[in-house]
């Protein structure tokens with residue numbers, strides 16, 4: 527099997543500027559996910575919903591330094607439009623928005639609703655990863671760790687299932703996905719990944735760095751970091767093709783030196799056993 531190392535390690539990657547539209551990004555990421563998890567808890571564990579919302583509101587109060595939304599005279603009704611649970615838990619929703627704005631660090635002269643701006647990659651990553659971390663941490667503090675992890679895993683799966691509705695397969699097969707991946711054009715990615723094609727139904731790759739984990743280095747809970755950074759990939763792989771399944775073992779989020787992953791096409795590959803550590807230690811070009 528021929529293997530390729532893609533990307534180049536960039537020690538300054540978190541300082542690179544990325545373009546964002548803050549209003550759209552806030553609605554698409556932290557606010558949409560918060561509304562979804564509140565709705566999901568209402569369906570699966572309704573007795574805990576009010577307590578969770580109250581605890582999360584208290585958590586965000588300790589994190590938010592100022593009422594940026596009020597200072598900028600942001601019309602909250604428009605921000606939370608169509609998010610029924612954010613409208614119900616409006617104090618929590620406003621704190622969530624303020625935390626996003628605080629992490630994004632949007633200049634005061636920017637029209638956050640219309641303008642596209644460039645911000646450090648670190649700010650962009652923090653603005654969606656920190657809320658995920660505290661959403662799950664607070665859930666563990668509300669209903670206990672075991673029950674919270676179980677519920678969160680279900681929530682993540684259902685979230686991606688809903689996101690996949692009415693989407694067409696991006697790739698017809700594993701080989702096409704792999705060939706697209708190794709066809710590197712333009713500036714190399716800051717994600718360093720070793721990739722290899724076993725056969726037409728199995729594609730292996732090993733992540734050697736993770737910027738998501740890098741920006742969370744000051745947060746202590748590695749299990750929570752795994753679930754907010756990695757677990758969604760099990761379902762998100764189906765964005766490529768609904769016949770694909772991901773297996774994953776080692777993760778940087780859990781203090782392993784790399785992330786080991788294999789994408790299987792179940793129409794071709796019936797052996798879903800994940801290679802052992804010795805295989806991955808030697809998995810290099």
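Residue numbers (the working numbering): 527 to 811.
Beta carbons: idealized from backbone N, C-alpha and C, even for Gly.
### residue 528 burial status per 10 Å Cβ neighbour count (16 or more: buried)
Here residue 528 corresponds to residue number 2 of the chain shown, with the count starting at 1. Flag for residue 528 reads exposed.
### Task
Could you tell me which residues DSSP puts in a beta bridge with residue 565?
Here residue 565 refers to the residue found at position 39 when the chain shown is read from its first residue. DSSP, once it has assigned bridges, lists no residue as partnering residue 565.
### Query
Which parts of the region 628–705 are runs of the beta strand (DSSP E), unbroken and 3 residues or longer, counting only runs that do not cross its ends?
643–646
### Query
When you compare each of 722, 785, 564 and 805 to residue 704 by their alpha carbons, which one comes out closest?
Looking up residue 704 in the chain shown gives position 178. It is 722 whose Cα lies nearest to the Cα of residue 704.
### Query
What span of residues does the alpha helix (DSSP H) with residue 546 cover, start to end?
Stepping through the chain shown from its first residue, residue 546 is reached at position 20. No alpha helix (DSSP H) contains residue 546, which is instead part of the beta strand (DSSP E) from 543–546.
### Query
With a CB to CB cut of under 8 Å and the five nearest residues on each side skipped, what residues in its chain are close to residue 517?
Residue numbering for the chain in the displayed model covers 527 to 811; residue 517 lies beyond these limits and cannot be assessed.
### Query
Between residue 772 and residue 566, what straight-line distance do the alpha-carbon atoms span, to the nearest angstrom?
Here residue 772 is taken as the residue at index 246 of the chain shown, counted from 1. Here residue 566 is taken as the residue at index 40 of the chain shown, counted from 1. If you take the alpha carbons of residue 772 and residue 566, they lie about 24 Å apart.
### Query
Whole-angstrom Cβ separation of residue 741 and residue 652, contact assumed at under 8 Å?
Here residue 741 corresponds to residue number 215 of the chain shown, with the count starting at 1. Here residue 652 corresponds to residue number 126 of the chain shown, with the count starting at 1. The Cβ separation is near 6 Å, so the contact holds.
### Message
Measuring straight from C-alpha to C-alpha, what distance separates residue 716 and residue 807?
### Response
Numbered from its first residue, the chain shown carries residue 716 at position 190. Numbered from its first residue, the chain shown carries residue 807 at position 281. Cα to Cα, residue 716 sits roughly 21 Å from residue 807.
#### Entry: Unbroken beta strand (DSSP E) run spanning residue 779, endpoints
On the chain shown, position 253 is the one that residue 779 refers to. Premise fails: residue 779 is in no beta strand (DSSP E) and is neither H nor E.
### Query
Which partner residues of residue 725 appear in the DSSP bridge assignment?
Against the chain shown, residue 725 aligns to sequence position 199. Residue pairing for residue 725: DSSP places it in a beta bridge opposite 728.
#### Entry: Three or more C-beta pairs below 8 Å linking the region 757–777 and the region 792–811
yes
### Task
Starting from residue 773, trace the beta strand (DSSP E) both ways and give me its first and last residue.
Mapped onto the chain shown, residue 773 falls at position 247. Where residue 773 is concerned, the enclosing beta strand (DSSP E) stretches over 770–774.
### Query
For residue 765, which option in 796, 698 and 667 has the closest C-alpha, if you only look at C-alpha atoms?
Position 239 of the chain shown, counted from the start, is the residue given in the question as residue 765. Answer by Cα proximity: 698.
### Task
List the whole-angstrom C-beta distance separating residue 602 from residue 661, where the pair is believed to meet the contact cut-off of C-beta under 8 Å.
Residue mapping note: residue 602 aligns to position 76 of the chain shown, counting from 1. Residue mapping note: residue 661 aligns to position 135 of the chain shown, counting from 1. In fact, because the Cβ distance is near 20 Å, the residues do not count as touching under 8 Å.
### Query
Apart from the five residues on each side of it in sequence, which residues of its chain come closer than 8 Å, Cβ to Cβ, to residue 519?
Any question about residue 519 goes unanswered here, given that the chain covers just 527 to 811.
### Message
Measuring straight from C-alpha to C-alpha, what distance separates residue 579 and residue 758?
### Response
Taking the first residue of the chain shown as position 1, residue 579 is located at position 53. Taking the first residue of the chain shown as position 1, residue 758 is located at position 232. A direct Cα-Cα distance of roughly 23 Å separates residue 579 from residue 758.
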